[in-house]
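Peer 1: This is the structure, below, for whatever I ask next.
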Amino acid sequence: AQSVTQLDSQVPVFEEAPVELRCNYSSSVSVYLFWYVQYPNQGLQLLLKYLSGSTLVKGINGFEAEFNKSQTSFHLRKPSVHISDTAEYFCAVSDRGSSYKLIFGSGTRLLVRP
Amino acid sequence: SAVISQKPSRDICQRGTSLTIQCQVDSQVTMMFWYRQQPGQSLTLIATANQGSEATYESGFVIDKFPISRPNLTFSTLTVSNMSPEDSSIYLCSVRTTTNEKLFFGSGTQLSVL
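Listed below in structure tokens is the structure:
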């Protein structure tokens, strides 16, 4: 069965610094990959997704992620973070055969400090 | 896109009672799901709510504990029955629209069981 690992439970970073949030998944079969963000007291919002094609995916709010099949990773990056990026970030994966069923990682809390 | 209204947003309940959570979507959607997010853990799929028929439950979840209804294409309820403190979680409604792979999430119901 699929599993998703987000090794960092919390990532503190100063404003305008770059950040990378790590995500690894367990299976090498064809998958769809997603990053969701959850701002305080709000629902989950899709940041970006990889379905096929280019391995570098650009999302909203200046975030991007790169699909690396050999390393089964889908790390999220932003070159310069803002205070408003403080939130919980979830990586998720689904097998292409059941694209609606998402397996989520445990989440990484990004804490941006001034 | 889809706008999801989930009620209640939070509740504190006594052990042994039941709580019904409602999920209303502003447009017809193909699939509706219920997820659970336990404290400090990732989201776990409870079940797929099927219109007009019994929900499809994931391993570890049963209908007697989490009865689900979906009378039409825009509305679903999840009941958490005979609650215990272990049921304290955030419960999220999620929908998939007809047009893309994206899942939309409600803002969640934070349940605390005393």
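Chains as they are written, first to last, in the numbering used here: chain A, 1 to 114; chain B, 1 to 114.
Ideal placement from N, C-alpha and C gives every residue a C-beta, glycine not left out.
(1) Can you grab the Cα-Cα spacing for the pair Leu19 of chain B / Ala55 of chain B, in whole Å?
(2) Phe105 of chain B: buried (16+ other C-beta within 10 angstroms of its C-beta) or exposed?
(3) Based on DSSP bridge pairs, tell me the residues matched to Met32 of chain B.
(4) Between Glu20 of chain A and Arg77 of chain A, what straight-line distance do the alpha-carbon atoms span, to the nearest angstrom?
(5) Going by DSSP, name the residue or residues bridged to Pro12 of chain A.
(6) Measure the CB-CB distance between Cys23 of chain B and Ser76 of chain B and report whether it falls below 8 angstroms.
(7) Assign Lys49 of chain A to buried or exposed, taking buried as 16 or more other Cβ atoms, counted over all protein chains shown, within 10 Å of its Cβ.
(8) Between the region 75-92 of chain A and the region 33-49 of chain A, are three or more C-beta pairs nearer than 8 angstroms?
(9) If you run the structure through DSSP and keep just helix, strand and coil, what is Asn41 of chain A?
(10) In this structure, does DSSP put Glu58 of chain B in helix, strand or coil?
(11) Can you tell me the Cβ-Cβ gap for Ile83 of chain A and Val112 of chain A, rounded? I've got them flagged as a contact below 8 angstroms.
(12) The beta strand (DSSP E) that contains Ala87 of chain A, what's its start and end?
(13) When you compare only the Cα positions, how much space is there between Ala17 of chain A and Thr30 of chain B?
(14) Relative to the C-alpha of Gly59 of chain A, which residue among A:Asp95, A:Gln6, A:Ser70 and A:His75 is closest?
(15) Would Gln6 of chain B and Thr109 of chain B qualify as a contact pair, given that the criterion is a beta-carbon distance under 8 angstroms?
(16) Can you tell me whether Leu92 of chain B is buried or exposed? The criterion is at least 16 other CB atoms within 10 Å of its CB, across all chains shown.
(17) Straight-line CA distance for Ser112 of chain B to Thr55 of chain A?
(18) For Pro8 of chain B, does the three-state DSSP call read helix, strand or coil?
(19) Below 7 angstroms on C-beta distance, what does Gly60 of chain B contact in chain A?
(20) Taking just the CA atoms, how far does Asn61 of chain A sit from Ile48 of chain B?
(21) Counting only C-beta atoms, is Ser42 of chain B closer than 8 angstroms to chain A at any point?
(22) According to the Cβ coordinates, are Ser9 of chain A and Thr108 of chain A closer than 8 angstroms?
Peer 2: This is what the structure gives:
(1) Their Cα atoms are separated by approximately 18 angstroms.
(2) Phe105 of chain B is buried by the Cβ-count criterion.
(3) In the DSSP output, where bridge partners are listed per residue, Met32 of chain B has B:Ala49 and B:Val95.
(4) Distance between the alpha carbons of Glu20 of chain A and Arg77 of chain A is about 4 angstroms.
(5) DSSP lists A:Leu111 as the beta-bridge partner residues of Pro12 of chain A.
(6) Contact: yes.
(7) Counting C-beta atoms within 10 angstroms of its own C-beta, Lys49 of chain A has 16 or more neighbours from the protein chains shown and is therefore classed as buried.
(8) Judged by Cβ distances under 8 angstroms, the region 75-92 of chain A makes contact with the region 33-49 of chain A, as three or more pairs qualify.
(9) Asn41 of chain A: coil per DSSP, three-state reduction.
(10) In the structure shown, Glu58 of chain B sits in coil (DSSP, three-state: anything other than H, G, I, E or B).
(11) That belief holds up - the Cβ atoms of Ile83 of chain A and Val112 of chain A are roughly 5 angstroms apart, short of 8 angstroms.
(12) Element bounds for Ala87 of chain A: Ala87 to Asp95.
(13) If you draw a straight line from the Cα of Ala17 of chain A to the Cα of Thr30 of chain B, it is about 41 angstroms long.
(14) Out of A:Asp95, A:Gln6, A:Ser70 and A:His75, A:His75 has the C-alpha closest to the C-alpha of Gly59 of chain A.
(15) Cβ distance < 8 angstroms, so Gln6 of chain B and Thr109 of chain B count as in contact.
(16) Classification of Leu92 of chain B: buried, given that the 10 Å Cβ count is 16 or more.
(17) Going by C-alpha positions, Ser112 of chain B is about 41 angstroms away from Thr55 of chain A.
(18) Of the three classes helix, strand and coil, the one that applies to Pro8 of chain B here is coil, per DSSP.
(19) Neighbours of Gly60 of chain B on chain A: none; closest Cβ ~12 angstroms, over 7 angstroms.
(20) Looking at the sequence itself, residue 48 of chain B is Thr, so the reference to Ile does not match. Cα-Cα distance, rounded: 31 angstroms.
(21) Output row for Ser42 of chain B: interface = yes.
(22) Ser9 of chain A places its beta carbon less than 8 angstroms from that of Thr108 of chain A.
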